[in-house]
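To start, the structure under review is shown below, and the notes come after it.
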Amino acid sequence: MALFHQSMNFSHGIDMLERHHLHILRAIKEQGSLTAAAETLYLTQSAISHAMKKLESQLGISLWQKSGRQLHFTRAGEYLLTLSERMLPQFEHAEQQLKQFAQGQRGTLRIGMECHPCYQWLLKVVEPFLHQWPDVDVDVKQKFQFGGLGALFGHEIDVLVTPDPLLKPGIEYVSVFDYEQVLVVSGRSALAAFDHVDPEQVTQEVLITYPVDQSRLDVFTQFLAPAHCAPRKHKTIETTDIMLQMVAAERGIAALPKWLALEYQQRLNLHILRMGKTGIHKSIHLGVREGQRDDYIQDFIEKASSTVMH
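The sequence shown begins at 1 in full-length UniProt numbering and counts up by one.
The following block contains the structure:
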């Protein structure tokens with residue numbers, strides 16, 4: 001007991017940073033002002049100011065500076081803001097998990113998607129998974145504040161579905177299925193006379209893609225850019241159905257996984273083209289944090305590995 005009191009006394013001088021400070025910093029960043037942050041947190045502005053001034057006094061450093069009505073974080077403030085963005089989701093996830101445990105549930109499997117066309121594949125995995133794990137919910141997230149890998153590190157998601165795994169310590173990947181990335185054109189297009197297409201043949205076409213940065217689109221990075229080519233116009237559409245309706249109506253061409261193009265080819269007048277003579281071959285990977293494979297996460301990976309799209 002004496003050792004416990006010694007430990008408490010030793011740490012008393014450094015236990016000045018508390019969770020509510022991180023909540024305040026995050027709210028100020030998200031809302032843009034102390035007043036709006038106070039409303040979000042159901043606090044008064046004076047209560048927020050008092051709490052943060054006390055923390056600044058204990059730390060001996062300013063966390064933000066005022067310029068008129070604008071707040072600008074100092075270097076120390078930015079550091080704590082980054083800490084809040086990393087730590088608060090972990091606290092919130094832990095509380096959610098504990099609440100679910102108290103209700104007799106196993107928890108929620110949070111899946112992050114970095115593969116727009118993979119939803120049809122995911123549905124085929126989720127259906128048997130939910131049937132086998134009635135006490136586990138599934139949540140699918142697509143937009144990440146720090147990117148998919150950051151969301152995985154930050155415990156915002158449990159599994160990352162990605163065709164472009166970034167190898168980092170603490171993250172392990174499982175390759176679940178291979179596929180070919182192809183170009184899809186209208187069956188009435190002049191390009192429908194070919195079985196593969198060269199980059200130069202795309203320069204007069206309207207290319208339709210998902211709203212993803214070009215640096216993450218294989219049709220640009222592995223096909224067009226190496227040949228110093230570009231489409232006549234680049235359009236983005238979020239939904240696969242609308243995208244391929246546009247393609248079938250000769251409003252453009254699209255780059256998609258071959259298995260998905262084959263599904264739509266059964267009901268739309270579409271022609272599938274290999275990109276180049278050898279094509280672009282990819283794999284879908286599932287990323288998880290090392291050492292954090294719960295039994296239901298492991299089962300999801302196994303089901304995903306056995307759900308092959310043709």
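Even for Gly, the Cβ is constructed at its ideal location relative to N, Cα and C.
query: Quick check: the region 271 to 280 against the region 216 to 228, are at least 3 beta-carbon pairs closer than 8 Å?; result: yes
query: Give every residue of the same chain whose Cβ lies closer than 8 Å to the Cβ of Ala248, excluding the five residues on either side of it in the sequence, and list them in chain order.; result: Ser186, Gly187, Leu268, Asn269 and Leu270
query: If you draw a straight line from the C-alpha of Met87 to the C-alpha of Gly154, how long is it?; result: 7 Å
query: Which residue wins for smallest C-alpha separation from Pro169, given the options Leu149, Val182 and Phe177?; result: Leu149
query: DSSP has Gln65 in a bridge; who is on the other side?; result: His72
query: Closest by CA to Lys282, which one among Gln70, Ser175 and Glu238?; result: Ser175
query: Would you grab the beta carbon distance between Ile157 and Arg110 for me? Rounded to a whole angstrom, and I think it's under 8 Å.; result: 5 Å
query: Please report the straight-line C-alpha distance between Phe194 and Val138, rounded to a whole angstrom.; result: 42 Å
query: DSSP on Ala37, reduced to helix/strand/coil?; result: helix
query: Compare the C-alpha of Val184 against each of Glu114, Met243, Phe129 and Ala47 and name the closest.; result: Met243
query: Would you identify the three-state DSSP class for Glu92, choosing helix, strand or coil?; result: helix
query: Considering Cα atoms alone, identify which of Pro134, Tyr264, Gly77 and Leu262 is closest to Lys66.; result: Gly77
query: Return the CA-CA distance between Glu30 and His116, expressed in angstroms with no decimal places.; result: 27 Å
query: What do you get for Gly104, buried or exposed, if any count of 16 or more other CB atoms within 10 angstroms of its CB means buried?; result: Bear in mind that a pLDDT of 48 at Gly104, under 50, signals an unreliable position, so the number given afterwards is only what the model happens to contain. Its Cβ having fewer than 16 others within 10 Å, Gly104 is exposed.
query: His23 lies in the alpha helix (DSSP H); which residues open and close that run?; result: Arg19 to Gln31
query: Going by C-alpha to C-alpha distance, which of Arg19, Leu17, Glu18 and Ala304 sits closest to Thr162?; result: Ala304
query: So, Ser84 versus Leu22, is the Cβ gap smaller than 7 Å?; result: yes
query: Among all the DSSP beta bridges, which residues are the ones paired with Met87?; result: Answer is none; Met87 lacks a bridge partner.
query: Which same chain residues end up closer than 8 Å to Glu180 when comparing Cβ atoms and leaving out the 5 residues on each side of it in sequence?; result: Pro257, Lys258, Arg274, Gly279, Ile280, His281 and Lys282
query: Is it right to say Leu63 is buried, meaning 16 or more other beta carbons lie within 10 angstroms of its own, or is it exposed?; result: buried
query: Just to check, is the beta-carbon of Ala261 closer than 6 Å to a non-hydrogen atom of the ligand MG?; result: Of ligands this structure carries none, so the ligand MG is not represented either.
query: Counting along the chain, where does the alpha helix (DSSP H) carrying Ala248 start and finish?; result: Thr240 to Ala248
query: Using the Cα positions of Gln142 and Tyr264, report the straight-line distance between them to the nearest angstrom.; result: 23 Å
query: Please state if the CB of Ile171 and the CB of Gly287 are separated by a distance shorter than 7 Å.; result: yes
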